[in-house]
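Novice:
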Amino acid sequence: MGPLSASAPPAASASAPEPVASASASAPPLDTAAPVEPTPNQGDAALAVGAVEKLTEVKSFCETLKIKHGLSCILYVSEVPEEKCGPGPAQPLDACNFSVYVGENHKTHSSRFATFFVRPGAWTVVGADDFACGGMSIADYKKLRAARLKAKPDEAVDCPGD
Numbered sequence: 312m313g314p315l316s317a318s319a320p321p322a323a324s325a326s327a328p329e330p331v332a333s334a335s336a337s338a339p340p341l342d343t344a345a346p347v348e349p350t351p352n353q354g355d356a357a358l359a360v361g362a363v364e365k366l367t368e369v370k371s372f373c374e375t376l377k378i379k380h381g382l383s384c385i386l387y388v389s390e391v392p393e394e395k396c397g398p399g400p401a402q403p404l405d406a407c408n409f410s411v412y413v414g415e416n417h418k419t420h421s422s423r424f425a426t427f428f429v430r431p432g433a434w435t436v437v438g439a440d441d442f443a444c445g446g447m448s449i450a451d452y453k454k455l456r457a458a459r460l461k462a463k464p465d466e467a468v469d470c471p472g473d
C-alpha cells in the first residue's frame, strides 16, 4: 500500500456522519487538493487514522483492492470520542475510542471493509467491527480475518463468541 494522505471523504449521506480526518491510498503524501476542514480533534484524528493504516490487515486489503480492482482505500475518522477514557482495560466499543472507517473508494461512493476502534492517548487499535460479526477485540478480529482467508469459498466461518 502506498502512502496515505488527506483527501475528501465520500459524499455525505443522511446515514453517514461527517468524517473528521481521512486518508486515501491513491494520493501522494500531504495532498491538499481536497483539504479536510480543520476541527479541534484534527491532530488526534490523524493519529487514529495512522494507527489503523499500520495494521497488516488494512495494508493487505488496500493492496489487494488496488491490484485486483484498480481502486484505492479510504480511511477516515467516522466518530470522535464522546468522553474521556477512564482507567482499566480498553474495550472495543468504549465511547472514549475513535472510530476509523476503512473502505473501498469508488468514484461515486465508498463501500465499508471495517470500522476500527482506536484508544486515544495510547493510539492503539483495540477493536474492529466488520459488519458481519459486529464489534470485537482486535485479537478476535485478526483471528477471524485469518480464518476467512484460509476458508474455502463456500465455507462459513463463525463469528467470535458464536
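Following this note's numbering, the numbering of the sequence shown begins with 312 at its first residue and continues without gaps.
Cβ coordinates follow ideal geometry from the N, Cα and C atoms, glycine included.
1. Once the 5 residues before and after Ala433 are set aside, which same chain residues still bring their CB inside 8 Å of it?
2. Determine the contact status of Val468 and Val413, defining contact as a CB-CB distance below 8 Å.
3. Excluding sequence positions up to five away, which residues of its chain have a Cβ less than 6 Å from the Cβ of Tyr452?
4. What residues in its chain sit with their C-beta under 8 Å from that of Cys407, if we drop five residues either side in the sequence?
5. Given a threshold of 16 other Cβ atoms within 10 Å of its Cβ, counted over all protein chains shown, does Ile378 qualify as buried or as exposed?
6. Out of curiosity, what's the CA-to-CA distance linking Ile449 and Thr419?
7. For Gly472, is the classification buried or exposed, using 16 other Cβ atoms within 10 angstroms of its Cβ as the cut-off for buried?
8. Can you name, in chain order, every residue of its own chain whose Cβ lies under 8 Å from the Cβ of Lys454, other than the five neighbours on each side?
9. Can you list, in chain order, the residues of its chain with a C-beta nearer than 8 Å to that of His380? Leave out the 5 residues immediately preceding and following it.
10. For Ala467, does the three-state DSSP call read helix, strand or coil?
11. Determine the closest residue to Phe427 out of Gln353, Gly354 and Glu368, with distance taken between C-alpha atoms.
12. Which class does Thr375 belong to by DSSP, given the choice of helix, strand or coil?
13. With H, G and I counted as helix, E and B as strand and the rest as coil, what does DSSP make of Thr367?
14. Output yes or no for whether 8 Å exceeds the beta carbon distance between Leu366 and Val436.
15. Could you tell me the boundaries of the beta strand (DSSP E) in which Ala439 lies?
16. Residues in the same chain with beta-carbon distance under 6 Å from Ile385, minus the five sequence neighbours each way, listed in chain order, please.
17. Going straight from the alpha carbon of Ser371 to that of Cys444, what length do you get?
Specialist: In short, the structure shows the following:
1. Ala401
2. no
3. Ala439
4. Pro392, Glu393, Glu394, Lys395, Cys396, Gly397, Arg430 and Pro431
5. exposed
6. 30 Å
7. exposed
8. Pro471
9. Glu415
10. coil
11. Glu368
12. helix
13. helix
14. yes
15. Thr435 to Asp440
16. Ser335, Gly414, Asn416 and Ser421
17. 20 Å
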